[in-house]
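What follows is a set of notes on a single structure, which appears directly below.
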Amino acid sequence: MNEEDRYLFDLQGYLTIPDALSPTSLERINQVVDEAIAQETDPEMCTHRFGRILERDAVFRELIDLPSVHDVLMEVLGSDFRLDHTYLDVIRSGDGPIGTMLHGGAVPFRSSEYYTVQNGQIHSGLVAVAFNLKDVGPEDGGFACVPGSHKSSFAFPGAWKQLADIHPCVRRVTGPAGTAILFTEALVHGTLPWRGTDERRTVFYKYSPAAVSWSAEYPLAGDYPDLTPQQRAILEPPNARYRSRSTAPR
Ligand SMILES: O=C(O)CCC(=O)C(=O)O
């Protein structure tokens with residue numbers, strides 16, 4: 004992570020990485036997404052959420068440890084960070100699967116989603132990597148946040164939480180297909196209603212420090228025999244990584 008990115012991540016609570024996904028990966032992932040939507044009972048529905056996406060296709064397992072985001076995760080979560088959960092959202096128009104309320108924030112303190120800096124070192128409880136699978140333009144909607152709110156000492160005002168009526172302190176975060184948005188879940192953030200002409204397609208990979216878990220259903224390396232040793236290490240269940248532990252895949 005370079006000096007500029009460190010500064011921006013700390014200042015804003017998020018960072019965008021252009022071209023985090025190669026055109027070849029993007030094309031393959033979008034093909035798999037097309038197939039997943041076609042298999043749904045109602046493919047014409049306005050919004051779909053697919054959980055546990057590592058099970059769907061090897062292309063999603065390849066994103067577990069992507070060189071373009073690895074350095075940032077190491078720095079903000081520790082070198083032994085782990086993957087906590089994954090999902091894919093497809094929104095054709097309007098509200099997404101979780102609605103349009105801003106959530107997260109530094110207050111009250113949450114042991115799984117904190118953000119702090121001590122002695123020049125960033126520490127965070129849960130960091131999301133959201134990959135745009137399609138372009139997101141300035142008026143389209145999608146991810147929005149309140150930059151800096153991950154360090155606020157006060158709770159975010161309830162009256163400003165509804166994104167259908169956007170407050171001026173909220174920023175729309177845009178970017179072409181292939182862009183990754185990395186954000187701490189301590190940031191106040193949410194999903195703007197989708198107004199784009201094409202679908203919004205976003206895959207989320209959420210990572211935690213070695214001993215921390217947000218999800219009760221984190222992925223287990225034993226379910227995926229094709230993982231590299233490094234990917235297996237990232238799927239190790241939450242623990243303090245003490246030397247005498249068993250690292251046999253579960
Ligand atoms: O990009 C989005 O839709 C927001 C995601 C979100 O709210 C979350 O990750 O908690």
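Per the numbering used here, residue 4 is the first one in the sequence shown, and the count goes up by one each step. We put the CB at the ideal spot given by N, CA and C, even for glycine.
{"Asked": "Distance cut-off 8 Å: THR50 Cβ against heavy atoms of ligand 1", "Found": "no"}
{"Asked": "Beta-carbon separation (whole angstroms), LEU195 vs ALA147, contact threshold 8 Å", "Found": "5 Å"}
{"Asked": "Any C-beta of chain B under 9 Å from that of GLU7", "Found": "This model lacks chain B altogether; it includes just one protein chain."}
{"Asked": "Spatially closest choice to ARG59 from ARG203, LEU14, ASP37, SER218, by CA coordinates", "Found": "ASP37"}
{"Asked": "Top-ranked residue by Cα proximity to GLY225, from LEU238, HIS170, VAL176", "Found": "LEU238"}
{"Asked": "Continuous alpha helix (DSSP H) assignments of at least 4 residues falling wholly in the stretch 46 to 127", "Found": "61 to 64, 70 to 80"}
{"Asked": "Test item: CB-CB of VAL206 and PHE12 under 9 Å", "Found": "no"}
{"Asked": "Any non-hydrogen atom of ligand 1 within 8 Å of ASP87 CB", "Found": "no"}
{"Asked": "C-alpha gap between ASP22 and PRO240, whole angstroms", "Found": "30 Å"}
{"Asked": "LYS137 Cβ short of 8 Å to ligand 1 heavy atom set", "Found": "no"}
{"Asked": "Nearest neighbour of ARG95, chosen from THR50, LEU24, HIS126 [CA to CA]", "Found": "THR50"}
{"Asked": "Proximity test, LYS209 beta-carbon vs ligand 1 heavy atom, cut-off 8 Å", "Found": "yes"}
{"Asked": "Three-state class that DSSP yields for PHE146 in the structure shown", "Found": "strand"}
{"Asked": "Distance cut-off 8 Å: ILE169 Cβ against heavy atoms of ligand 1", "Found": "no"}
{"Asked": "Candidates VAL191, ARG244, PHE186, of which the one nearest THR19 by Cα", "Found": "PHE186"}
{"Asked": "Residue of ASP45, PHE84, ALA39, ILE40 minimising C-alpha distance to ALA213", "Found": "PHE84"}
{"Asked": "Minimum C-alpha distance to LYS154 - residue among LEU136, LYS137, GLY178, PHE112", "Found": "PHE112"}
{"Asked": "Boundaries (first-last residue) of the alpha helix (DSSP H) holding VAL215", "Found": "From DSSP, VAL215 is part of no alpha helix (DSSP H); its letter is neither H nor E."}
{"Asked": "For VAL130, the residue or residues it bridges with in DSSP", "Found": "THR187, TYR210"}
{"Asked": "N- and C-terminal bounds of the beta strand (DSSP E) containing ILE20", "Found": "17 to 20"}
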